[in-house]
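Below: one structure, written as structure tokens.
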Ligand code: SF4
């Protein structure tokens, strides 16, 4: 009992840290932030096939970073939040306190760093979004998770086709003096047009710059359709590493585009900010399972609910070491199976 009390007292003395997790379809980001909004450490991973494996790998990565650091052991995670397409499952796995959409998480991060931001462009591996803010309020947004032509996977595919590492793609594009026009309506059209331009003798630089222009055109015709993009414009997500795309946006919009320092971590950073505020406002007692999630075994199973003609397929996640406690369940159209242990 004395030992337990001492342990609690020790943890109370530790400094506050807040964990934001963004698990998307291609990559996963984990950000540990202090009370003042400073990023303490982060982990970036390619998706491990399932959100469960990704969450566990992220927790293991954070623990490695903490163990290798001189001062991160002084912090205690007080609150945790999840975003991204797998936010609800990840919330159940790690025991997060909050789950919010990517739109909210990205907007919060951008607005914290750039309080006057009016437009956020976000392009990831398999989706893209646009968020419009006026006086700090989200007034409009759009997401594309169906067509690959305005996302990072479009560039990945074309870079592989040209035999150029995607990391070098932007450097080629900015060398171009005369970007060629490439159809960007979809990956199939773009590829056949690119082959045609290659055979016509255009340089790789001009073709790559043309591909960047076509991605931007596609983005603007898709998520940007009918929207008024006002400055300051912040560009985030993995594709914002690509200088060719930044220049293509600036050409298209005729103004400067700002890329934040933590451009790929903005969703996770936004969640860390949201849970920090949630914790401070509510003196919230976290339900976070801790970085030990890396070692916990989770099992998934599925069954059909035959209680009506919908015959929904219900998927559930259990923790065998806690008597097969069900921690998450989804797939029910009527909400019948939503309640878990
Ligand atoms: S979960 Fe609800 S909607 Fe689905 S089959 Fe069962 S009763 Fe019908």
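Numbering (this note's numbering), first residue to last: 36 to 376.
Don't be surprised by glycine CBs; every beta carbon is placed ideally from N, CA and C.
Contact check for residue 356 and residue 336: beta-carbon distance about 16 angstroms, past the 8 angstroms limit, so the pair fails to qualify. Within the segment 169 to 216, the complete alpha helix (DSSP H) segments of 4 residues or longer fall at 187 to 197, 201 to 209, listed in chain order.
Between residue 118 and residue 90, the beta carbon gap of about 13 angstroms keeps them out of contact (Cβ cut-off 8 angstroms). Within its own chain, the residues whose Cβ lies closer than 6 angstroms to the Cβ of residue 191, once the five positions on either side in sequence are excluded, are 201, listed in chain order. CA-CA distance, residue 113 to residue 56, rounds to 14 angstroms. DSSP places residue 114 within a strand segment (E or B) once states are collapsed to three. Counting along the chain, residue 309 sits inside the alpha helix (DSSP H) bounded by residues 301 to 317. Every residue whose Cβ sits closer than 6 angstroms to any heavy atom of ligand 1 is listed here in chain order: 340, 342, 343, 345, 346, 347, 367, 368, 369, 371, 372. Assigned with DSSP and collapsed to three states, residue 331 falls in coil, not helix or strand.
Pairing residue 156 with residue 268 gives a Cβ-Cβ distance under 8 angstroms. Counting along the chain, residue 249 sits inside the alpha helix (DSSP H) bounded by residues 239 to 257. Taking 3 residues as the minimum length, the beta strand (DSSP E) runs contained wholly in the segment 107 to 161 are 110 to 118, 154 to 158, in order along the chain. The beta carbon of residue 209 sits closer than 7 angstroms to the beta carbons of 278, 279, 282 from its chain, once the five residues preceding and following it are set aside; these are given in chain order. Just measuring C-alpha positions, the residue of 245, 179, 289 sitting nearest residue 264 is 289.
Nearest to residue 327 by alpha-carbon distance, out of 82, 51, 93, is 93. In the three-state scheme derived from DSSP, where H, G and I count as helix and E and B as strand, residue 345 is classed as coil.
In the structure shown, the three-state DSSP call for residue 271 is strand. The beta carbon of residue 228 is closer than 7 angstroms to those of 217, 218 in its chain, skipping five residues each way along the sequence. A check of alpha carbon separations from residue 129 across 293, 347, 108, 330 identifies 330 as the nearest.
When Cβ pairs closer than 8 angstroms are counted between the two stretches, the segment 295 to 313 is seen to touch the segment 74 to 90, the count reaching three or more.
By the Cβ rule, the segment 173 to 180 counts as touching the segment 246 to 264, because three or more pairs are nearer than 8 angstroms. Boundaries for residue 363: no alpha helix (DSSP H) harbours it, while the beta strand (DSSP E) harbouring it runs 360 to 365, taken from the DSSP string. Between residue 270 and residue 294, the C-beta gap is smaller than 8 angstroms, which places the two residues in contact. Distance from the CA of residue 245 to the CA of residue 312, rounded to the nearest whole angstrom, comes to 44 angstroms.
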